[in-house]
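> Take this structure first; my questions come after.
Residue numbers (the numbering used here), protein chains in the order written: chain A, 0 to 152; chain B, 5 to 111; chain C, 4 to 293.
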């Protein structure tokens, strides 16, 4: 009986806390995306010839976001019936957008105007021996370009 | 911050490659378990960012990257291009972070 | 660098996430899982019923004695008199309880302090010294004995065994399928609850038969609830009956009281417990005098 109470309490705490954190995070993401919109992210491997009065540097952004108890249980239930694990979709979306924003911020701090050839890598961090997902890690990196002083690219 | 120029495109934009000096790399091995983060168990109920873990990964990457640039300097390069990151699982829940690129001299 | 052009256009929200509300999806999945669990348990109950129908009491006894042998812990020489007493009490009650042909009750005594009694396969029932300590008259003791005999009558031990085994196998398969302990948790909680309900039904039915038997033997229900009253004082009931295997103690006391009212009984004298049961130490001292 006490097991059930603990389980339900964790579930409710997980849901409430998780939703609040998630909403706040998405709000912050949307704000910062608007601010950093001027930094272009262009995924091509070759930097066009005309960008020749520039300096370049590798920029990167990464984040590790944890699941909450509610997401874990919901995913567990879903794994029995199959189908879209919608509770994890928002998690991965947040992590990806956050990582890209941090990469853009890294570029902005350096004074860049664009990032070329961005790559995104996602990994799951496992929780204990069972190999369940405990957290999602997203790593974004690319080559940032800024105009050299006084130069016109 | 690396002293050399490091890019993940095939060239250093705005400069010309005059010499290729071969592949250079750096790696670290880290444990994959969430247990590393002291807040992890707590966070796994509430949700939110595992800042301790993010920092750990950033440090690992910085270390791997600086090992790569150390190799590049040692062979006489002033830039590393076409950098790629790779993660692979090594036994017993540890994973290796591997950075590699081509060391070049640019002008 | 990009003075002449517009920044990249904004991407609308919500394309990469689902529109369903997480709570409603969760409720839906939870309901589905609970239904599957309940289906397995009802199936287990039905199959156990079929099994009990086809395995006669004689077969059950034969198999039991072959596999488990004849020993019961309490059956030692020192307690022979107590065992004989319990057996004769059981025989008297069994005569009045309409047992099917060929059903034989074997009573056993156990000197452990546990306040309990149980019925198991092949018609064996065990009464603990701890339970005897909680009653002050033969009437109270007889209620418990009659209750256990009723379980034998309805083949409850075999039913429980069959239902339990089939459920465990079915639920284990289910819990192992979804690859998380979360699903296992839910399976255990729903499953546990329903199994407990089946058990409570069995216990209520046994109580019902026992009350009748007591009235037929003693002509009164006085003292029948002694054990329950004493246990109720010791229990701290959380008021959550969902998971208990037995009905709430208070309701069992109530049932006995109501049966008394319905039958319009008068106050008879209680039959006292025989001396040999009243105090194990006393018994020892009596023996040594011989």
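Even for Gly, the Cβ is constructed at its ideal location relative to N, Cα and C. Here the structure is a predicted model, which means the values were calculated and not measured.
Give me the Cα-Cα distance between residue 43/A and residue 139/A, rounded to the nearest whole angstrom.
15 Å
> Would you call the region 145–160 of chain C in contact with the region 203–211 of chain C, where contact means no fewer than 3 C-beta pairs closer than 8 Å?
yes
> Hey, would you say residue 118/C sits closer than 7 Å to residue 154/C, going by beta carbons?
Inclusion of residue 118/C and residue 154/C in the CB contact set at 7 Å is not warranted, their separation being larger than that value.
> Does residue 176/A have its Cβ less than 7 Å from a Cβ in chain C?
Here chain A comprises residues numbered 0 to 152, so residue 176/A is not present and cannot be evaluated.
> Output yes if chain B places a C-beta closer than 7 Å to the C-beta of residue 13/A; else output no.
yes
> Using CA atoms only, rank isn't needed, just tell me which of 68/B, 106/B and 49/B is closest to residue 81/B.
106/B
> To the nearest angstrom, how far is it from the Cα of residue 87/B to the Cα of residue 98/A?
18 Å
> Mind checking who residue 24/A pairs with in its DSSP beta bridge?
For residue 24/A, which the question treats as bridged, DSSP gives no partner whatsoever.
> So, with DSSP's three-state summary, where would you put residue 143/C?
helix
> If I'm right that residue 137/C touches residue 233/C with Cβ under 8 Å, what's the distance once you round it to whole angstroms?
4 Å
> DSSP puts residue 27/B in a beta bridge; with which residues?
106/B
> Establish whether the CB of residue 104/B and some CB of chain A are separated by less than 7 Å.
Put simply, the CB of residue 104/B is far from chain A, with every gap to its CB atoms at 7 Å or more.
> Does residue 101/A come within less than 7 Å of chain C when only Cβ atoms are used?
no
> Helix, strand or coil: how does DSSP classify residue 157/C here?
coil
> Assign residue 134/A to one of three DSSP states: helix, strand, or coil.
strand
> Residues in the same chain with beta-carbon distance under 7 Å from residue 90/A, minus the five sequence neighbours each way, listed in chain order, please.
64, 66, 70 and 135
> If contacts are defined as beta-carbon pairs under 8 Å, then residue 100/B and residue 31/B qualify, I think. What distance do you get, rounded to the angstrom?
6 Å
> Residue 25/A: which of 96/A, 107/A, 142/A and 109/A sits nearest, CA to CA?
96/A
> First and last residue of the alpha helix (DSSP H) that includes residue 5/C?
That residue, residue 5/C, is in no alpha helix (DSSP H); it is neither H nor E in DSSP.
> Spatial neighbours of residue 125/C within its chain, please: C-beta separation below 7 Å, excluding the five flanking residues on both sides.
63, 64, 67 and 68
> Using the Cβ count rule (16 or more neighbours within 10 Å means buried), how would you classify residue 17/A?
buried
> Using a threshold of 7 Å, state whether the C-beta atoms of residue 38/A and residue 94/A are closer than that.
no
> Is residue 109/C helix, strand or coil when you go by DSSP?
strand
> Comparing C-alpha positions only, which one of 28/B, 48/B and 89/B sits nearest to residue 133/A?
48/B
> For residue 48/A, name the three-state secondary structure that DSSP assigns.
coil
> Taking the beta carbon of residue 70/C as the centre, do at least 16 other beta carbons fall within 10 Å, making it buried, or is it exposed?
exposed
> Of the residues that make up the region 83–100 of chain A, which ones have a beta carbon closer than 7 Å to any beta carbon in chain B?
none
> In its own chain, which residues sit with a C-beta less than 8 Å from the C-beta of residue 15/A, not counting the 5 before and 5 after it?
Closer than 8 Å at Cβ, skipping near neighbours: no residue.
> Counting only the same chain and skipping the five closest in sequence on each side, list residues whose C-beta sits under 6 Å from that of residue 110/A.
145
> Residues in its own chain within less than 7 Å of residue 139/C by CB, not counting five upstream and five downstream?
In its chain, beyond the 5 residues on either side, 229 have a beta carbon closer than 7 Å to the beta carbon of residue 139/C.
> Could you tell me how far apart the beta carbons of residue 58/A and residue 102/A are, in whole angstroms, since I believe they sit closer than 8 Å?
Contact annotation, residue 58/A with residue 102/A: C-beta distance approximately 5 Å; criterion of less than 8 Å satisfied.
> Please report the distance separating the alpha-carbon of residue 19/C from that of residue 47/C.
43 Å
> Under 7 Å, do residue 52/B and residue 114/A count as touching if we go by C-beta distance?
no
> Indicate whether at least one CB of chain A lies closer than 7 Å to the CB of residue 82/B.
no
> Answer with yes or no whether the minimum CB distance from residue 251/C to chain A is below 7 Å.
no
> Going along chain C, which residues have a C-beta under 7 Å from residue 77/A?
32
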